[in-house]
Amino acid sequence: DAFTINVALEVAPPAVPTDVVATTINESSIALSWNSVENATSYKVYQDGNAIATVTSTSYNVDGLDEGTYYCFTVAAVNSAGESAKSGSACATTWLPDPPTAPTNLRATPGGESVSLTWNAAERATSYRVYNGNALVAVDVQGTSYVVTGLTAGTNYCFTVTAVNIAGESAHSNQACATAQEVQKYRI
């Protein structure tokens, strides 16, 4: 005689992923990899306790990170029965970019008790510093021009500019000199 047996297979949540490794790719990316977990249908990647991705492979590249920053990640395996506990942390530091190149073609134009400076942009620069001789006169200059004010008319001033980013400061630009002029006063 024929009979029917109904078997219900109960699926258990997957095991915790092991051997999670974080490897720096560049200034803004870290590659994650881990061992495959039996019965896992996907994996959740966590950064600082927050899920940032769900993937079906055993690797994931985290992009858009800040340069020169330490990051830690965990991974959980997922199937229809739920999610495993999170793995141990895997951490890596994104690379620092190369320091910027030195600004080029610095030009100084005299003005009334001032000197206007212009220069060509430096590669990888996020800001600039302006020097009068060895004295720093301006920091965090955005753009490729700056006007140094409050100078003494008839005095010659020589300037250099450096480029700055998170990795450091460039070499100095060429030196450019100009003599500050008298402020023009007009009679009406």
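The number in our numbering is simply the position in the sequence shown, starting from 1, with 16 added.
Note that the Cβ used here is the ideal one computed from N, Cα and C, for glycine as well.
Small disclaimer: the values here were computed from a predicted structure and weren't measured.
Using a Cβ-Cβ cut-off of 7 Å (strictly less than) and excluding sequence neighbours within five positions of V114, which residues of its own chain qualify? A small correction: the amino acid at residue 114 is Asp; Val does not occupy that position in the sequence shown. For D114, where only same-chain residues beyond five positions count, the Cβ hits under 7 Å are R140 and A183.
Just confirm the distance between the C-beta atoms of Q197 and G127, as a whole number of angstroms; I'd bet it's less than 8 Å. 6 Å
Tell me the start and end of each unbroken beta strand (DSSP E) in the stretch 71–118 that is at least 3 residues and wholly inside, in chain order. DSSP assignment within the stretch 71–118 yields the following whole beta strand (DSSP E) runs of 3 residues or more, N-terminal first: 75–78, 86–95 and 106–109.
Rounded to whole angstroms, what's the CA-CA distance from A93 to A106? Just pull it up for me. 15 Å
Starting from W135, trace the beta strand (DSSP E) in both directions and tell me its first and last residue. S130 to N136
In angstroms with no decimal places, state the Cα-to-Cα distance between A31 and A67. In this structure, the CA atom of A31 is about 18 Å from the CA atom of A67.
Smallest Cα separation from N136: which of V146, A118, N150 and Y147? The candidate whose alpha carbon is nearest that of N136 is A118.
Assuming W50 contacts V71 (C-beta within less than 8 Å), just tell me the rounded distance between them. The pair is not a contact, with the Cβ atoms about 10 Å apart (cut-off 8 Å).
Buried or exposed: where does T176 fall if 16 or more other Cβ atoms within 10 Å of its Cβ makes it buried? buried
So, helix, strand or coil for P126, using DSSP? If DSSP states are grouped into helix, strand and coil, P126 belongs with the strands.
Run of the beta strand (DSSP E) containing F19, from where it starts to where it stops: The continuous stretches of beta strand (DSSP E) do not include F19, and DSSP gives it neither H nor E.
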